[in-house]
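See below for the structure under consideration.
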Amino acid sequence: MPSIDVHVKTSIERTGKDYKDVHEWIDKDEAKKVERHDITRIHENAKEVELKWGEDGVREFIQHIHDDIKKRTADTLAYFGVK
Ligand SMILES: [Zn+2]
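Numbering (the numbering used here), first residue to last: 2 to 84.
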């Protein structure tokens, strides 16, 4: 999955702001990292993100999950030699 620095760079390119706190909240806590990336919990997690960082934070949270899944899918396909 992309590093926090890559997520920050993507946010800056897209919005002009880094949203580093949001990306760190998703990725840094090893005990909570899996549940914060769980797409079946995205609605529940988005509520917590909205309380902390508002609607803009929710958008960046969902974009982060999207970018991680996209990268993981690409890596998996490459591993199996699918182009
Ligand atoms: Zn992530």
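Virtual Cβ for every residue (Gly too), placed ideally from N, Cα, C. Only a predicted model underlies this, so the values are computations on that prediction, with no experimental measurement involved.
Tell me the rounded alpha-carbon separation between residue 30 and residue 52. Here residue 30 refers to the residue found at position 29 of the sequence shown. Here residue 52 refers to the residue found at position 51 of the sequence shown. For residue 30 and residue 52, the distance between alpha carbons rounds to 18 Å.
Tell me which residues share the same chain as residue 34 and place their Cβ nearer than 7 Å to its Cβ, disregarding the 5 neighbours each side in the sequence. Translated into positions along the sequence shown, residue 34 becomes position 33. Within its own chain, the residues whose Cβ lies closer than 7 Å to the Cβ of residue 34, once the five positions on either side in sequence are excluded, are 28, listed in chain order.
Pull every residue with its beta-carbon under 6 Å away from any heavy atom of ligand 1, and keep them in chain order. Matched residues: 2, 27, 28, 38, 65 and 69.
Helix, strand or coil: how does DSSP classify residue 71 here? Sequence index remark: in the sequence shown, residue 71 carries index 70 (1-based). In the three-state DSSP reduction, residue 71 falls in the helix class (H, G or I).
Give, in chain order, every unbroken run of the alpha helix (DSSP H) that is at least 4 residues long and sits entirely within the segment 5–33. 5–16 and 21–28, all fully within the segment 5–33.
If you draw a straight line from the C-alpha of residue 47 to the C-alpha of residue 20, how long is it? Residue numbering aside, residue 47 sits at position 46 when the sequence shown is read from its first letter. Residue numbering aside, residue 20 sits at position 19 when the sequence shown is read from its first letter. Those two C-alpha atoms are separated by around 15 Å.
Check whether the segment 9–16 and the segment 72–82 touch, using three or more Cβ-Cβ pairs below 8 Å as the test. Segments in contact, no.
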